[in-house]
Every structure is written in structure tokens, then in C-alpha cells.
Ligand code: NAD
């Protein structure tokens, strides 16, 4: 089941021109459990041509037709629930409960949200005898990372399809099987030939030629800042539109009236969920100086209840990180934190006892972190909390905003006016007060080096549209 050496191009599974494959590793066992095609520039060429051949036709498709497609995708996605959960548990090493309750649900929610956004979406506005139209941009290249396999792909696919754009998807080579199942879903539902194409492979072999192809009008990318910057550079050659969802180093501010136990619980989950591999992780925890010791005790009490282990075990709530490179990167940050003078309160270097095989990391907490330290400034992408202190609200906001990133921000406390003041003072695109659940029609994206553009719901549809004005359209 987990072997797919073919690409999905122009409505069919076809051989890759490269004839090469990539082994896909299960991070919990460090062993290969499947293979995919190692695509090349010729595969990208075929896929882009297929998408380009039908982009005008699909742009003219009716909104009702695209709603039907999205409805079909939602119901087939539900039919493939068990397969999606199995694939994500194996390829990402996410605990099976999170694969079901978080990853599976997020993908589903984005297809539904785009479909619902079409109910009220205005693609055309009359101004006198003239019209302002929003029309699909054409061929979009979608490049996604490994940390949320269904979520990141569904966000882009749902927005593009709802807008009427044709696509070439290049998922992460670390977690390709959720995307392969999505391709099977699109095929079953009858998404027209050429509208959706999937090219598997690595960044240089597939991502690079896709992002510089002249027929690709837009690249929608989620991943690291380094890759985002390369994509933007390539796109500048022919002024392609780019939409970038990048990293973060988000503050979690605990106010002085907060219930410390509840705040500690929330703060711990903001760094350990998905093994900390979350772009909106609240990895800088800010607590009033006077409450530091009490808060650290609460955090220690909470974090020791995190059950790290085999993702297939339903009692586990934290699995491994994705691969050896990520494991080594997190270990390096833990070393740097200590070398720069932060106090290690919990966890630390090495693997948790009894978990020698697999890329497992000890949930780790540092206190006495200064905001200039590497562990306060760089995205670790692992389960590491940095606790910083502040003396008053102005200082908390100053520290929170003193970062190159601006993806998310969290504030936790009781006084609503203060919560709102902090929320509106944070330089970030996604703010959460007291863990209030986000609804799927809210825009998602970052300020500063966290990205360009917004995704989800109607904002996600807008990303794939161009604006055209036609004078004399009516008489
Ligand atoms: P990455 O940048 O290494 O890879 C992302 C994708 O880009 C992969 O599909 C990869 O194959 C491809 N790629 C690599 N080099 C390329 C190139 N030269 N040209 C075109 N494509 C190329 O990122 P990753 O390691 O998969 O993901 C982790 C990073 O992504 C973290 O920094 C994280 O913060 C960020 N991220 C951001 C968000 C967000 O929404 N803001 C969401 C998830 C992850």
C-alpha cells in the first residue's frame, strides 16, 4: 500500500521520467516503510503543461460546479479516514490519537471552509456599466512541508479549487502518503483531467523547477524561511506571485491575574503538541517576574505527565520528531541554551529512557532565558519551552515583539481589557486569547519574516485570484 512510484499527471498515474525512487522513513522506527517517485524537471514540465492546458476552462467553471467538487472531496475524504490516519501515523510519527483528532480533522475542515466560503464569495462586482472581476490566477505551484501533511495541502488545494485555479502539488518527500491519498480522492471524485496534478520528489528535483517554470503564475509555499527566500528569488525573474507561510517564534504571555495551573497546562501543550513541530508553537513563555518560581513548578508538574512513545499506542501524546536532521537540530539548540546560560529545568539532551530507536526527544524546559539568547530568537521546531520574565505589561509586549518573526501570539489571563490590549499590541497575524478555538474562516498568516499572504476560507480563495476591470461590460 505504501509504494507509489508514479506521479499523478493529467488525470492518470504515470511513470516518472527519472525512474528513480525515494525511500520514506517511519521516524518511530528509523526504517523505510514505503517508496515514492523521485520526480524531475521533465515530470514538472508534463504536470505544468497539463494544468496549463485546462486553466481557462476551469477558470470559467461555475461556482456551483466547484462547490459540487468540494462536496465530493469532503465525502470521499471522510471515506478514507482510516487510510489517512494510518499514513500520517507512519510518515510523521504523530500519535494515532492526534492523527485522528487533529491532523485528519484539520484537512477536512479546510475543504469544508472553502466550500462554505463560496456561498457568499463575490467574484464579480458591478460599478455602473463596468465590472470588477476576480478571476483564478491560472496554474499554481503548491509546495508543502511535512509537519501537518493533510492540513497544509488541504489549505492550498481547497483555496485553489474554490477559486478555479489549476494546480501542481509538490508535497514534502518526508510525508508524501497523505498527499497521495488526496490524489486518489480527487481522482475518485472526478476532478477534471489536468486541474490537479501531483509530482513527488525532493526540493531541488521538483520544487525548484516548479517554482521557476514560466507557465506557473503563482507559487504558494509553506516551509522554512530559507526555502521561501529561494523561491521568492526565483519568482522575481518573471514576477510570479508568491504566497509564503514560514516559521515563527511566538510569545505566550501569562498575565498576573491568570490561573497559573491552567496557564501552565496551556503553555506546555503549545510546545509539546506535534513534538513542537508547529509553526505557531508558543515557544517563548512570558511570565511575571513575581510569579516565576510558582509557574515553573506548575510547568514541571504538567510536562512530566506528557507520555512520549510509540505513535501507534493510543495512550501516547508525543511521538518522535520527523528525522535525524531535526533530532540533531533540536539537540544542538538544547546544548546552546545551556552554553548561553539558561537554566535547564526539565528534560535536556539525549533520548528519553527506553526509546533508543526512533527520533524521540525529551520535552525540555529552560528558565532564566534572556530574549537575546539563541533559544529565544531561533525557531527550534522541537518540544522546548523557554521561560522569560517581565516586570510590567509594556515590557512584556516589548519582549514579545522583539523577534524577526510575527506568526502567532498567545495571551492568558482574566481581565478582558488587558487581554485585548495585549492582543492588539502584538505584531503577529494569528492571536489567541485564553485558548479560544479558532474557527476555520479566520485568516491565517504572518507578519515580518513569518510570511506573505493569508490562507484559510475566503482569504485562502483570494490568494489564488487576479483582479480584472472591464469597462463597458454592461449596456
Ligand atoms: P523546507 O523549507 O525544507 O521544505 C518545504 C518544502 O519545500 C518541501 O516540500 C521541500 O521539498 C521543498 N523545497 C526544499 N527546497 C526547495 C527549493 N530549493 N525550491 C523549492 N522547493 C523546495 O521546510 P520543512 O523542513 O519541510 O518544514 C519546516 C519549516 O516549515 C519550519 O521552519 C516551519 O516553521 C515552517 N512551517 C511554516 C508553516 C506556516 O504556516 N507558517 C507551516 C508549517 C511549517
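Residue numbers (the UniProt record's numbering): 1 to 475.
Idealized CB from N, CA, C, for every residue including glycine.
Going along the chain, which residues of its own chain have a beta-carbon closer than 8 Å to the beta-carbon of residue i, five neighbours each way excluded?
i           : result
residue 345 : 296, 299, 300, 365, 366, 367 and 387
residue 122 : 134
residue 63  : 118, 121 and 123
residue 29  : 357 and 358
residue 333 : 374, 375, 378, 380, 382 and 384
Should residue i go down as buried or exposed, given a rule of 16 or more other Cβ atoms within 10 Å for buried?
i           : result
residue 24  : buried
residue 476 : Given that the chain is displayed from residue 1 to residue 475, the structure contains no residue 476 and the question cannot be resolved.
residue 397 : buried
residue 328 : exposed
residue 22  : buried
residue 442 : exposed
residue 239 : exposed
residue 160 : buried
residue 170 : buried
residue 421 : exposed
residue 392 : exposed
residue 305 : exposed
residue 127 : exposed
residue 424 : exposed
residue 432 : buried
residue 79  : exposed
residue 417 : exposed
residue 470 : exposed
residue 233 : exposed
Using a Cβ-Cβ cutoff of less than 6 Å, which residues in the same chain neighbour residue i once the five nearest sequence positions on both sides are dropped?
i           : result
residue 188 : 76
residue 285 : 252, 267, 385 and 387
residue 147 : 277
residue 337 : 366 and 375
residue 3   : 34 and 35
residue 107 : 150, 151 and 154
residue 16  : 7, 37, 39 and 43
residue 477 : With the chain running from 1 to 475 in the structure shown, residue 477 is simply not present.
residue 258 : 412 and 413
Given a cut-off of 7 Å on the beta-carbon distance, is the pair residue i and residue j in contact?
i           : j           : result
residue 135 : residue 468 : yes
residue 381 : residue 137 : no
residue 39  : residue 195 : no
residue 155 : residue 110 : yes
residue 210 : residue 44  : yes
residue 216 : residue 254 : no
residue 449 : residue 225 : yes
residue 445 : residue 429 : yes
residue 361 : residue 330 : yes
residue 58  : residue 143 : no
residue 197 : residue 461 : no
residue 314 : residue 96  : yes
residue 419 : residue 400 : no
residue 208 : residue 176 : no
residue 89  : residue 311 : yes
Thinking residue i and residue j are a contact (beta carbons under 8 Å), I'd like their distance in whole angstroms, please.
i           : j           : result
residue 459 : residue 130 : Contact flag wrong, Cβ pair sits at about 26 Å.
residue 405 : residue 248 : 5 Å
residue 293 : residue 389 : Actually they do not touch by this definition, with Cβ atoms about 10 Å apart.
residue 191 : residue 51  : Contact doesn't hold; Cβ gap of about 12 Å is too wide.
residue 275 : residue 318 : 6 Å
residue 213 : residue 74  : Not confirmed; about 30 Å, so no contact.
residue 87  : residue 158 : Actually they do not touch by this definition, with Cβ atoms about 19 Å apart.
residue 342 : residue 316 : Residue 342 to residue 316, Cβ: 28 Å. No contact.
residue 141 : residue 219 : 5 Å
residue 93  : residue 320 : 4 Å
residue 115 : residue 70  : 4 Å
residue 54  : residue 166 : 6 Å
residue 11  : residue 291 : That pair is no contact at about 60 Å.
Near residue i, which residues of its chain fall below 7 Å by C-beta distance, leaving aside the five closest residues on each side in sequence?
i           : result
residue 402 : 371
residue 324 : 359
residue 104 : 81, 84, 85 and 150
residue 235 : 211, 219 and 242
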